[in-house]
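**Q** Numbering (mature numbering (1 follows the signal peptide of the UniProt record, and there is no 0)), first residue to last: -18 to -1, 1 to 309. Where a beta carbon is used, it is the ideal one built from N, C-alpha and C, also for glycine. Sending over a structure as structure tokens; questions will come in a sec.
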């Protein structure tokens, strides 16, 4: 009987704290559309048009992905739907829109959902650029598939450790996790670093699209060039934050040692694994090389992975779907 009561209690806390009721964002207390919503509509009106023509199941799928924090998949799904909509109705379809109908729609229950999806898409766009800037620095020494292999290794390790804990310990950590999630990371706001979000929201839409497309395609030269063109327009605080963020992202010595001490034959073998997208084999390699390290060194690598998670991977991680593990 006791395990059943604990389970029900956990469900009760989960229902209260894991999906908190969000305030309405599409209008202020006077019933006037808010500045934030105006910005989203101005930037992503073609997406709103697509959402208005999507089925209930399609928008429900988007909402579900947002709740699971699969923002890369949300963005991919929406991009595909926009392309489908434009091929069917043409690029000029928005010129035929009845503004009154759109206004009424935004004030309906559907409007809440549409604005939430637009906000998620916007954050996914920023995450894409943040990830691109992250890889500008890391791609040559630690490609995305290697990053994912190390991340996946630590996920497996933590899951294994959790499975060995007592029922009581798992229960209380789950309860604490619910409260911590609610207070600390309830949303994916793409604000690490905040200066990149501010930069992205400050550039013209065409520049942002070009930068985001370059990031999506791992065209890191274009991403770096676009960012450098914005540096002079940043405040001194923003430049300082960006510089500090880059220095904090560099892999720790323990991980760099693994990378640089590999022999040439080993490096060639690793490169073949990358070319064939063999994530499981890369994960096995990093498991073997990390687990012979001292505990402090393993913690350094784990801290680096946590930093990657906090920066983008917990909410936006296209590598997770791009590189599938083979068993």
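1) Between the Cα of residue 261 and the Cα atoms of 89, 130, 177 and 71, which residue gives the shortest distance?
2) Just verifying my parser: in three-state terms, what is the DSSP assignment at residue 184?
3) Give the list of continuous alpha helix (DSSP H) stretches no shorter than 4 residues that lie fully inside the stretch 208 to 277.
4) With DSSP run on the structure shown, which of helix, strand or coil describes residue 161?
5) Between which two residues does the alpha helix (DSSP H) containing residue 69 stretch?
6) Excluding five sequence neighbours on each side, which residues of the same chain lie with their C-beta closer than 8 Å to the C-beta of residue 267?
7) Where does residue 35 fall in DSSP's three states?
8) Could you tell me whether any non-hydrogen atom of the ligand PLP is closer than 6 Å to the CB of residue 144?
9) Starting from residue 134, follow the alpha helix (DSSP H) in both directions and report where the run begins and ends.
10) With DSSP run on the structure shown, which of helix, strand or coil describes residue 121?
11) Only counting the same chain, and skipping five residues up and downstream in sequence, which positions put a Cβ closer than 7 Å to that of residue 305?
12) When DSSP labels each residue in this structure, what does residue 24 get in the three-state scheme?
13) What are the boundary residues of the alpha helix (DSSP H) that residue 293 is part of?
14) I need the DSSP call for residue 177, collapsed to helix, strand or coil.
15) Around the C-beta of residue 198, are 16 or more other C-beta atoms found within 10 angstroms, so that it is buried, or is it exposed?
16) Within 8 Å, do at least three Cβ pairs link the stretch 132 to 148 to the stretch 283 to 296?
17) Would the beta-carbon of residue 97 fall within 7 Å of that of residue 19?
18) Nearest by alpha-carbon distance to residue 301: which of 85, 113, 280 and 26 is it?
19) Measuring CA to CA, which of 56, 35 and 84 is closest to residue 44?
20) Report yes or no: do three or more beta-carbon pairs, one from the stretch 218 to 233 and one from the stretch 171 to 188, lie closer than 8 Å?
21) Buried or exposed for residue 99, please, with buried defined as at least 16 other CB atoms from any protein chain shown within 10 angstroms of its CB.
22) Do the stretch 202 to 212 and the stretch 181 to 193 touch if we need at least three Cβ pairs shorter than 8 Å?
23) May I ask you to verify whether the stretch 270 to 280 touches the stretch 28 to 37, counting CB pairs closer than 8 Å and requiring at least 3?
24) Which residue comes first and which comes last in the alpha helix (DSSP H) that contains residue 304?
25) Which same chain residues end up closer than 7 Å to residue 297 when comparing Cβ atoms and leaving out the 5 residues on each side of it in sequence?
26) With burial defined as no fewer than 16 other Cβ atoms inside 10 Å of the residue's Cβ, what is the status of residue 303: buried or exposed?
27) Put residue 45 into one of helix, strand or coil per three-state DSSP.
28) Under a three-way DSSP split, which group does residue 166 fall into?
29) What separation, rounded to the nearest whole angstrom, lies between the Cα atoms of residue 293 and residue 245?
30) Among the candidates 93, 120, 90 and 188, whose CA atom is the shortest distance from the CA of residue 232?
31) Just verifying my parser: in three-state terms, what is the DSSP assignment at residue 90?
32) Pick out whichever of 46, 201 and 104 has its Cα sitting closest to the Cα of residue 28.
**A** Answer, in terms of the structure:
1) Taking only the C-alpha atoms, the option nearest residue 261 is 130.
2) Three-state DSSP puts residue 184 in a helix.
3) Listed in chain order, the complete alpha helix (DSSP H) runs (minimum 4 residues) inside the stretch 208 to 277 are 218 to 230, 235 to 242, 246 to 257 and 261 to 273.
4) Summary for residue 161: the model assigns pLDDT 42, below 50, so the residue's position carries little reliability, and this model does not support an answer.
5) In this chain, the alpha helix (DSSP H) harbouring residue 69 covers 53 to 71.
6) Hits under 8 Å: 131, 252 and 255.
7) Here residue 35 sits in coil by DSSP.
8) In terms of ligand content, the structure shown is empty, and the ligand PLP therefore cannot be addressed.
9) From DSSP, the alpha helix (DSSP H) with residue 134 extends over 126 to 145.
10) In the three-state reduction of the DSSP assignment, residue 121 falls in the coil class.
11) Cβ within range, chain order: 127, 130, 259 and 261.
12) In the displayed model, residue 24 falls within a helix according to three-state DSSP.
13) Neither: residue 293 is in no alpha helix (DSSP H) and is coded neither H nor E.
14) Correct three-state label for residue 177: helix.
15) Buried is the call here.
16) Contact between the stretch 283 to 296 and the stretch 132 to 148 is present, with at least three C-beta pairs closer than 8 Å.
17) The answer is yes: Cβ separation under 7 Å.
18) Nearest C-alpha to residue 301: 113.
19) Out of 56, 35 and 84, the CA that lies nearest to the CA of residue 44 is found in 56.
20) Cβ pair count under 8 Å is three or more, so yes.
21) Buried.
22) Cβ pair count under 8 Å is three or more, so yes.
23) Counting C-beta pairs with one atom in each stretch, the stretch 270 to 280 and the stretch 28 to 37 have fewer than three that are closer than 8 Å, which means they do not touch.
24) For residue 304, the enclosing alpha helix (DSSP H) starts and ends at 300 to 304.
25) Closer than 7 Å at the Cβ level, and outside the excluded window around residue 297, lie 51, 53, 109 and 170.
26) By the neighbour-count criterion, in which a residue is buried when 16 or more other Cβ atoms sit within 10 angstroms of its Cβ, residue 303 is exposed.
27) Assignment of residue 45 by DSSP, reduced to helix, strand and coil, places it in the helix class.
28) Any reading at residue 166 is ruled out, since the residue's pLDDT is 41, under 50, leaving its predicted position unreliable.
29) The straight-line gap separating the alpha-carbon atoms of residue 293 and residue 245 is approximately 32 Å.
30) Here the closest residue by C-alpha is 120.
31) The answer is coil: DSSP assigns residue 90 none of H, G, I, E or B.
32) In this structure, 104 is the residue among 46, 201 and 104 with its C-alpha nearest to the C-alpha of residue 28.
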